[in-house]
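To start, the structure under review is shown below, and the notes come after it.
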Amino acid sequence: MTAQPILQVVDLKKHFPIRKGVLQRVAAKVHAVDGITFHVNAGETLGLVGESGCGKSTAGKTILKLIEPDSGTVRLMGERIDALSAREMWPYRRQLQVVFQDPYSSLSPRLTAGAIVAEPLENFGIAKGKEARERVAWLFEKVGLRAEQMAKYPYEFSGGQRQRLGIARALAVRPKLIVADEPVSALDVSVQAQVVNLLMDLQEEFGLSYLFVAHDLAVVEHISHRVAVMYLGKIVEIADKKSIFATPKHPYTEALLSAAPQPDPTTKRKRIILAGDVPSPVNPPSGCRFHTRCPYAVDRCKSEEPVLREAAIGHQVACHLR
Numbered sequence: 233m234t235a236q237p238i239l240q241v242v243d244l245k246k247h248f249p250i251r252k253g254v255l256q257r258v259a260a261k262v263h264a265v266d267g268i269t270f271h272v273n274a275g276e277t278l279g280l281v282g283e284s285g286c287g288k289s290t291a292g293k294t295i296l297k298l299i300e301p302d303s304g305t306v307r308l309m310g311e312r313i314d315a316l317s318a319r320e321m322w323p324y325r326r327q328l329q330v331v332f333q334d335p336y337s338s339l340s341p342r343l344t345a346g347a348i349v350a351e352p353l354e355n356f357g358i359a360k361g362k363e364a365r366e367r368v369a370w371l372f373e374k375v376g377l378r379a380e381q382m383a384k385y386p387y388e389f390s391g392g393q394r395q396r397l398g399i400a401r402a403l404a405v406r407p408k409l410i411v412a413d414e415p416v417s418a419l420d421v422s423v424q425a426q427v428v429n430l431l432m433d434l435q436e437e438f439g440l441s442y443l444f445v446a447h448d449l450a451v452v453e454h455i456s457h458r459v460a461v462m463y464l465g466k467i468v469e470i471a472d473k474k475s476i477f478a479t480p481k482h483p484y485t486e487a488l489l490s491a492a493p494q495p496d497p498t499t500k501r502k503r504i505i506l507a508g509d510v511p512s513p514v515n516p517p518s519g520c521r522f523h524t525r526c527p528y529a530v531d532r533c534k535s536e537e538p539v540l541r542e543a544a545i546g547h548q549v550a551c552h553l554r
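Residue numbers (the working numbering): 233 to 554.
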């Protein structure tokens, strides 16, 4: 019997209206997330990758209900949460936490580091007073900070230390799933490695699941178990990381991987140069959204939208030619 996924997303959509004129009528819509389906298993990291503007961060925020979805379903541990009100969503917030991209703006400058990490403990009635302080000190140790740093304010920490604070805050309520929205993109490369390794260690110790949103393929390859590739609001390929990086099946994934830097200078990889610019999400192309830049496109690609299908065991791709 297959275990139930921690997170299950089916046909999720989020469109942002563009209003014009005195009456602010809707003139068009930005198709930020346009019908994506995937799942995250217990103890697994799913990397969600793609170019800037492809909708991956919007997908994460919609799953978290920081912005409301237009349609589709989101299930957390089997329970549907996409249609819940803020009050109804409250019990699920403890199981679904987030680490934000910017470690500078995601922490309140008015609270001490200890108070920032203690806040969720008090909000959910987990611990107060001395018990909360002891718990926070323990969390500081877990993320590589010292207990005496609890009295400091965020501006007294480096970028990497601030992100460790954000991780400690997310970890405080012992969630089942953490959505990490580009958690290392604002950090130096050496610090990125430390934070990614910390996330992996915490996952092993606490049995966490991650939805890891990123554009850095090297980081995604290091931390992920499976990878989902997004293009213009759609998921075009999903597979385990070994399959994605060794035998990508979608032309867009091939192009992404060809552009990634190689740590070994003796390794040669043919660079695939895509023609044209990324189309506007306000007016996405008909058929396959990648056909305007795809070197293999045929007439069918221009008129018929491909669906995600099983191209190999555990490897799904949305392409007519694969």
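Cβ atoms here follow ideal geometry from the backbone N, Cα and C, with glycine treated the same way.
Predicted, not measured: the structure shown is a model, and the values here were computed from it.
Would you decide whether residue i is buried or exposed? Buried here means 16 or more other CB atoms lie within 10 Å of its CB.
i           : result
residue 546 : exposed
residue 298 : exposed
residue 284 : exposed
residue 350 : buried
residue 266 : buried
residue 485 : buried
residue 250 : exposed
residue 473 : buried
residue 470 : buried
residue 233 : For residue 233, the pLDDT reaches just 46, beneath the cut-off of 50, and the residue's location in the model is therefore unreliable, although a value from the coordinates is still provided. The residue in question, residue 233, is exposed, as its Cβ has fewer than 16 Cβ neighbours within 10 Å.
residue 394 : buried
residue 318 : exposed
residue 292 : buried
residue 441 : buried
residue 341 : exposed
residue 313 : buried
residue 505 : exposed
So residue i packs on residue j, CB below 8 Å; how close in whole Å?
i           : j           : result
residue 511 : residue 464 : 6 Å
residue 345 : residue 407 : Contact doesn't hold; Cβ gap of about 20 Å is too wide.
residue 410 : residue 402 : 5 Å
residue 338 : residue 392 : In fact, because the Cβ distance is near 14 Å, the residues do not count as touching under 8 Å.
residue 245 : residue 301 : 7 Å
residue 492 : residue 449 : 4 Å
residue 286 : residue 462 : 4 Å
residue 552 : residue 532 : 5 Å
residue 454 : residue 428 : 6 Å
Is the distance from the Cβ of residue i to the Cβ of residue j below 9 Å?
i           : j           : result
residue 333 : residue 289 : yes
residue 309 : residue 256 : no
residue 280 : residue 444 : yes
residue 447 : residue 276 : no
residue 459 : residue 476 : yes
residue 519 : residue 542 : no
residue 400 : residue 358 : no
residue 412 : residue 330 : yes
residue 369 : residue 354 : no
residue 241 : residue 307 : yes
residue 534 : residue 513 : no
residue 550 : residue 467 : yes
residue 372 : residue 379 : yes
Residue i CB to nearest chain D CB: under 9 Å?
i           : result
residue 291 : The chain inventory of the structure shown lacks chain D, comprising one protein chain alone.
Closest by CA to residue i, which one among the options?
i           : options               : result
residue 521 : 483, 504, 544 and 491 : 483
residue 436 : 243, 274 and 261      : 274
residue 325 : 347, 339, 338 and 295 : 295
residue 515 : 263, 253 and 244      : 263
residue 356 : 380, 322 and 490      : 322
residue 434 : 315, 270, 421 and 396 : 396
residue 490 : 481, 503 and 480      : 503
residue 439 : 259, 260, 272 and 253 : 272
residue 243 : 253, 268, 254 and 260 : 268
residue 282 : 361, 347 and 414      : 414
Any chance the CB of residue i is under 8 Å from a heavy atom of the ligand FMN?
i           : result
residue 279 : Ligands are entirely absent from the displayed structure, and the ligand FMN is therefore not among its contents.
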